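Asks:
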Amino acid sequence: MNTVKDIDPNIAKTHAVLFDTWFPIEQLPIPPAIAPDIANIAAQVSAGMLQAFSQSGFFPVLIGLTYPTKLPFYTQLQSSQNPAVQAFLKATGGYGGLAVCDRHPLFSYLFDGDLAVVTAQFAMIIREAYLSGIWDLPLAVPITEIQPPQVFMQNPEIYAKRHAPVLPPSHLRYDAATQTIQHQDGAIDYLVIGSGPGGAAVCHELQKAGKRVVLIEKGPFVVWGSMDTRSYSRLLFRNDQASTVTNSVIIRSGETMGGGSTVNIDLAFSPLAATIQSRIGQWIAQGLLDAEEYSPEKIAVAYQRVRQDIGTREVSQDELNQDNQVLWNGAKAFGVDPSLYHLNRFPTGLSPSPVDDKLDAARQLLRKAMQDTANPLGVICDASVDQIQFTTESDGKTVQATGVALTINSPWTDYGNTVVDPSNLQIPPGTTVSIAANAVVLAAGTIGTTRVLLNSAKSTPAIANSRIGKGLILHPSVPLIGIFDQTINLLEGLDSATFVEAFGPTPGFIYETMGGLPAYGALLVPGNGQDVYNAVSQFGNCAGFGTMLVDTPSDDNCVSLDDQGNVMVQYNLSEPDKQRFRAGVAIGIRMMFMAGAKQVIIPSNENFLNLPNFDPMVGVVLTESSQADLVEQNLQFIPNRTLLTAAHLQATNKIGLSPNQGVVSTNQRVWNVLTGAEVPNLYVMDSSIFPTSVGANPMQSIYTFAYLFCDRLLQGMEQPQNAIAAT
Ligand SMILES: Cc1cc2nc3c(=O)[nH]c(=O)nc-3n(C[C@H](O)[C@H](O)[C@H](O)COP(=O)(O)OP(=O)(O)OC[C@H]3O[C@@H](n4cnc5c(N)ncnc54)[C@H](O)[C@@H]3O)c2cc1C
Numbered sequence: 071m072n073t074v075k076d077i078d079p080n081i082a083k084t085h086a087v088l089f090d091t092w093f094p095i096e097q098l099p100i101p102p103a104i105a106p107d108i109a110n111i112a113a114q115v116s117a118g119m120l121q122a123f124s125q126s127g128f129f130p131v132l133i134g135l136t137y138p139t140k141l142p143f144y145t146q147l148q149s150s151q152n153p154a155v156q157a158f159l160k161a162t163g164g165y166g167g168l169a170v171c172d173r174h175p176l177f178s179y180l181f182d183g184d185l186a187v188v189t190a191q192f193a194m195i196i197r198e199a200y201l202s203g204i205w206d207l208p209l210a211v212p213i214t215e216i217q218p219p220q221v222f223m224q225n226p227e228i229y230a231k232r233h234a235p236v237l238p239p240s241h242l243r244y245d246a247a248t249q250t251i252q253h254q255d256g257a258i259d260y261l262v263i264g265s266g267p268g269g270a271a272v273c274h275e276l277q278k279a280g281k282r283v284v285l286i287e288k289g290p291f292v293v294w295g296s297m298d299t300r301s302y303s304r305l306l307f308r309n310d311q312a313s314t315v316t317n318s319v320i321i322r323s324g325e326t327m328g329g330g331s332t333v334n335i336d337l338a339f340s341p342l343a344a345t346i347q348s349r350i351g352q353w354i355a356q357g358l359l360d361a362e363e364y365s366p367e368k369i370a371v372a373y374q375r376v377r378q379d380i381g382t383r384e385v386s387q388d389e390l391n392q393d394n395q396v397l398w399n400g401a402k403a404f405g406v407d408p409s410l411y412h413l414n415r416f417p418t419g420l421s422p423s424p425v426d427d428k429l430d431a432a433r434q435l436l437r438k439a440m441q442d443t444a445n446p447l448g449v450i451c452d453a454s455v456d457q458i459q460f461t462t463e464s465d466g467k468t469v470q471a472t473g474v475a476l477t478i479n480s481p482w483t484d485y486g487n488t489v490v491d492p493s494n495l496q497i498p499p500g501t502t503v504s505i506a507a508n509a510v511v512l513a514a515g516t517i518g519t520t521r522v523l524l525n526s527a528k529s530t531p532a533i534a535n536s537r538i539g540k541g542l543i544l545h546p547s548v549p550l551i552g553i554f555d556q557t558i559n560l561l562e563g564l565d566s567a568t569f570v571e572a573f574g575p576t577p578g579f580i581y582e583t584m585g586g587l588p589a590y591g592a593l594l595v596p597g598n599g600q601d602v603y604n605a606v607s608q609f610g611n612c613a614g615f616g617t618m619l620v621d622t623p624s625d626d627n628c629v630s631l632d633d634q635g636n637v638m639v640q641y642n643l644s645e646p647d648k649q650r651f652r653a654g655v656a657i658g659i660r661m662m663f664m665a666g667a668k669q670v671i672i673p674s675n676e677n678f679l680n681l682p683n684f685d686p687m688v689g690v691v692l693t694e695s696s697q698a699d700l701v702e703q704n705l706q707f708i709p710n711r712t713l714l715t716a717a718h719l720q721a722t723n724k725i726g727l728s729p730n731q732g733v734v735s736t737n738q739r740v741w742n743v744l745t746g747a748e749v750p751n752l753y754v755m756d757s758s759i760f761p762t763s764v765g766a767n768p769m770q771s772i773y774t775f776a777y778l779f780c781d782r783l784l785q786g787m788e789q790p791q792n793a794i795a796a797t
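So the sequence shown is numbered by our numbering: it starts at 71 and just counts up by one.
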């Protein structure tokens with residue numbers, strides 16, 4: 071492990087110069103009274119970042135910038151005539167030795183030069199790493215004067231001891247000799263993999279019906295109330311540092327008890343909303359859902375149960391903070407109806423925890439099931455399922471799931487606020503064990519379930535379906551920032567409570583209020599370090615909402631595995647989707663101005679105003695509504711030039727009428743590609759089964775689909791079927 075002391079001084083110099091590029095303290099209009107304090111804090115932040123970088127996957131970037139011959143695109147750079155590139159290649163110590171006047175031009179070239187296809191991702195990774203570190207709370211709080219939200223209870227460890235769920239003795243046993251986990255009462259009826267809305271709802275319903283159920287969850291089990299779990303990076307896939315292979319979209323997905331429901335914003339879209347009903351209608355028309363099982367009446371009854379169990383509530387108009395009011399007013403001025411969200415949260419001020427108000431799946435669905443003394447839901451958290459295990463019949467083709475192999479992870483105990491080993495199995499981390507069951511329900515989410523299926527397919531050809539992972543839906547979103555004359559204070563009061571659904575069913579985009587801390591805002595502001603400072607230092611006057619695209623599936627957009635078994639997410643917008651998205655962003659800009667914004671920022675350093683002599687290191691801020699027309703004409707959504715975020719991953723293991731069309735049948739059983747029949751006891755119930763986008767924020771639909779799925783299972787789902795021919 072490197073300490074700052076023993077880091078190569080040339081690399082340390084490169085870091086210092088990069089820090090100065092993105093936070094050019096001498097040029098920033100920092101109020102003189104606090105300038106020395108800011109300088110002191112900046113020095114500490116810079117040292118901390120270098121230390122962190124030296125132990126992270128980012129360090130090779132610093133090495134390459136210091137010793138350019140080590141860059142993967144060095145020979146291509148050599149052939150460039152660009153003066154800044156030539157200066158960079160010749161400078162002793164690379165970027166650290168570069169003259170000030172060449173620093174911005176080098177980044178301009180990396181973003182927009184003739185090698186941009188190769189270098190823009192490199193430039194964006196550096197930009198994101200520096201801006202998110204610089205604008206983290208130590209510098210952001212004194213500069214923006216925000217009151218940061220409290221993440222942890224004062225003594226999370228003590229809070230956790232007092233409020234951890236009291237669990238009955240475990241019915242699970244670990245046999246170290248055979249490396250198997252068994253249930254003391256007999257065969258396990260259902261193994262459920264993943265505890266997001268899909269998995270938690272399945273556990274809740276099946277356990278309530280008296281089934282012997284065991285849940286396996288990769289992430290930690292946080293004691294509810296001990297922290298604000300929303301968007302906490304340790305509880306997200308790859309520590310919230312995930313993106314597509316080309317860094318075209320930042321991807322966010324929960325990895326903790328409760329899955330996405332524990333980290334998300336809780337915006338609850340009813341599955342009866344027009345935009346979702348139009349999708350369900352299409353799936354019924356295609357025979358993918360049964361018209362009776364998924365009729366609006368049945369969905370309404372199931373959704374009512376979900377709302378009751380979760381505690382979904384309606385927001386009232388008087389709860390709206392100024393940030394929500396901006397989208398509300400902008401939409402009204404534009405001539406469309408804004409709506410108030412339903413939220414899975416305690417009413418304002420009524421949460422028993424001062425730092426958390428979320429009604430997530432772990433709290434609302436799993437806790438009670440775990441506490442049933444007669445038939446407790448067995449839970450193995452901090453454990454990753456590697457693959458499903460099968461028996462194969464004598465025909466060599468027909469398979470049946472027998473259980474899963476899982477590996478125990480090191481638990482997250484940094485704040486002492488997690489329930490470690492709730493089933494008291496005492497299996498050392500790193501150990502791989504097996505657990506058998508009569509049936510397996512995969513609910514590990516769009517990334518997790520795809521990974522388990524692809525891994526399992528390596529040794530079980532019967533499930534090696536080429537459809538696994540294909541047709542990924544992301545709901546990419548372009549966040550817009552409006553800068554107002556008046557104070558907005560987006561961190562104050564209830565965040566994210568308004569949305570506009572008018573364009574949801576068609577052409578297919580939705581506006582949603584958005585907030586975030588300065589470190590997130592900084593990433594959205596185009597241009598150089600000074601441009602970012604000028605915008606972020608006005609944080610108190612900023613409002614935000616996003617344009618979210620209801621995107622169209624394409625086989626090129628997929629989740630797959632690399633040679634080491636790591637997940638790769640590939641995603642590019644199709645031309646028709648770009649066209650719809652452009653129109654959506656342009657309407658968003660107009661609504662932001664109509665709400666009174668003086669400036670509007672879109673997170674892009676593309677030349678969307680078609681300016682002559684455009685430079686991506688000079689930030690372009692919109693100052694009048696009519697510029698929306700130019701954005702609509704020119705924005706290309708170029709990866710690493712326009713920032714897109716996504717948190718609604720779906721549709722990689724679609725319901726299909728045959729293995730040629732989908733990964734699971736209409737009964738949500740995994741297709742056997744060798745026999746064309748369903749694997750009788752292997753199911754998927756999570757966001758990955760949707761044939762296309764579900765049409766809006768998916769959480770409530772996933773809960774509702776899971777309730778309907780369990781109703782069907784418990785009523786005795788029909789026997790395994792064969793694929794419908796010729797689909
Ligand atoms: C930051 C953020 C904000 C969001 N905001 C909203 C919102 O406001 N409204 C809305 O409707 N939706 C929102 N979403 C999306 C919503 O949370 C997801 O669509 C939903 O949680 C998906 O549910 P799921 O059941 O498919 O699986 P997930 O919630 O993804 O849960 C899957 C679980 O499986 C676990 N897992 C994965 N692999 C394995 C394995 N191999 N072994 C064991 N366990 C495994 C994971 O750790 C995870 O906990 C948001 C998501 C995020 C990340």
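Every residue, glycine too, gets a C-beta built ideally from N, C-alpha and C. Fair warning: this is a prediction, and the values are worked out from it, not measured in the lab.
What do you reckon, are the CB atoms on residue 110 and residue 769 nearer than 9 Å?
Replies: Result no, Cβ atoms of residue 110 and residue 769 do not sit closer than 9 Å.
Asks: Could you tell me the distance, in whole angstroms, from the CA atom of residue 522 to the CA atom of residue 112?
Replies: Whole-angstrom Cα-Cα distance: 44 Å.
Asks: I need the DSSP call for residue 257, collapsed to helix, strand or coil.
Replies: Here residue 257 sits in coil by DSSP.
Asks: With DSSP as the reference, label residue 724 as helix, strand or coil.
Replies: Of the three classes helix, strand and coil, the one that applies to residue 724 here is coil, per DSSP.
Asks: I want to check one thing, is the minimum distance from the CB of residue 527 to the heavy atoms of ligand 1 below 8 Å?
Replies: Outside the cutoff, so no.
Asks: Which ranges does the alpha helix (DSSP H) cover as unbroken runs of at least 4 residues, wholly within the region 131 to 202, from first to last along the chain?
Replies: For the region 131 to 202, whole alpha helix (DSSP H) runs of length 4 or above, ordered along the chain, are 144 to 148, 153 to 160, 170 to 182.
Asks: Taking the alpha carbon of residue 312 as the point to measure from, which residue in 305, 321, 304 has its own alpha carbon closest?
Replies: When each option's Cα is compared against that of residue 312, the closest is 321.
Asks: Give me the Cα-Cα distance between residue 613 and residue 551, rounded to the nearest whole angstrom.
Replies: Looking at the two C-alpha atoms, the distance is approximately 6 Å.
Asks: Whole angstroms are fine: how far does the CA of residue 625 sit from the CA of residue 659?
Replies: Cα to Cα, the separation comes out at about 31 Å.
Asks: Below 8 Å CB to CB, which residues in the same chain sit around residue 620 once its five sequence neighbours on both sides are set aside?
Replies: Cβ neighbours of residue 620 beyond the five flanking positions: 345, 545, 574, 578, 579, 580, 763, 765, 766.
Asks: Scan the region 769 to 794 and note each continuous alpha helix (DSSP H) run of 4 residues or more that stays entirely inside, going in chain order.
Replies: Whole alpha helix (DSSP H) segments, 4+ residues: 769 to 784.
Asks: Run the proximity test for residue 334: is its beta-carbon closer than 8 Å to any non-hydrogen atom belonging to ligand 1?
Replies: For ligand 1, at least one heavy atom lies less than 8 Å from the Cβ of residue 334.
Asks: Can you find the residues in the same chain that come closer than 7 Å, C-beta to C-beta, to residue 589, ignoring five residues on each side of it along the sequence?
Replies: So the list reads 202, 205, 206, 210, once near-sequence residues are dropped.
Asks: With distances taken Cα to Cα, identify the nearest neighbour of residue 19 among 425, 514, 780.
Replies: Outside the shown range of the chain (71 to 797) lies residue 19, about which nothing can therefore be said.
Asks: Regarding residue 723 and ligand 1, is the C-beta to nearest heavy atom distance less than 8 Å?
Replies: Because no heavy atom of ligand 1 lies under 8 Å away, the Cβ of residue 723 does not count as near it: no.
Asks: Cutting at 7 Å between CB atoms, please list the residues of its own chain near residue 777, excluding the five before and the five after it.
Replies: For residue 777, where only same-chain residues beyond five positions count, the Cβ hits under 7 Å are 271, 275, 372, 375, 376.
Asks: For the region 377 to 412, list the alpha helix (DSSP H) runs that are entirely contained and at least 4 residues long, ordered along the chain.
Replies: Here the runs fully enclosed are 392 to 404.
Asks: Got a sec? Which residues, its chain only, sit under 6 Å from residue 490 by beta carbon, not counting five neighbours each side?
Replies: Closer than 6 Å at Cβ, skipping near neighbours: 481.
Asks: Residue 503 and residue 458 - do their beta-carbons sit closer together than 9 Å?
Replies: No, the pair does not count as a contact, with Cβ atoms beyond the cut-off.
Asks: Residue 765: beta carbon under 8 Å from a heavy atom of ligand 1?
Replies: Checking the Cβ of residue 765 against ligand 1 gives no.
Asks: Look at the Cβ atom of residue 258, then the Cβ atom of residue 232, and state whether they are nearer than 9 Å.
Replies: It is not a contact, given that the beta carbons lie outside the stated cut-off.
Asks: Would you call residue 528 buried or exposed, if buried means 16 or more other Cβ atoms sit within 10 Å of its Cβ?
Replies: Burial call: exposed.
Asks: Of all the options 791, 774, 726, 104, which has the alpha carbon lying nearest to the alpha carbon of residue 359?
Replies: When only C-alpha atoms are compared, the closest one is 726.
Asks: May I ask which residues mark the beginning and end of the beta strand (DSSP E) holding residue 537?
Replies: Per DSSP, residue 537 belongs to no beta strand (DSSP E) and is neither H nor E.
Asks: What number of angstroms, rounded off, separates the C-alpha of residue 797 from the C-alpha of residue 749?
Replies: Here the model assigns residue 797 a pLDDT of 42, short of 50, so the residue's position is not dependable and the matter cannot be decided.
Asks: Specify the secondary structure class of residue 322 as computed by DSSP and reduced to three states.
Replies: It is coil, neither helix nor strand.
Asks: Extract the residue ranges of the alpha helix (DSSP H) inside the region 741 to 768, only unbroken runs of 4 or more that lie entirely within it.
Replies: Qualifying alpha helix (DSSP H) stretches: none in this window.
Asks: On the three-state DSSP scale, how would you describe residue 435?
Replies: Correct three-state label for residue 435: helix.
Asks: Return helix, strand or coil for residue 615, following the three-state DSSP convention.
Replies: Strand at residue 615.
Asks: Assuming residue 341 is part of the beta strand (DSSP E), what are its boundary residues?
Replies: Counting along the chain, residue 341 falls outside any beta strand (DSSP E), and DSSP gives it neither H nor E.
Asks: Can residue 322 be considered in contact with ligand 1, in the sense that its beta carbon sits closer than 8 Å to one or more heavy atoms?
Replies: Yes, since a heavy atom of ligand 1 falls inside the 8 Å radius drawn around the Cβ of residue 322.
Asks: Expressed to the nearest angstrom, what Euclidean distance is found between the alpha-carbon atoms of residue 77 and residue 291?
Replies: Cα to Cα, residue 77 sits roughly 37 Å from residue 291.
Asks: Going by other Cβ atoms of all chains shown within 10 Å of its Cβ, with 16 needed for buried, is residue 638 buried or exposed?
Replies: Exposed: under 16 other Cβ atoms inside 10 Å.
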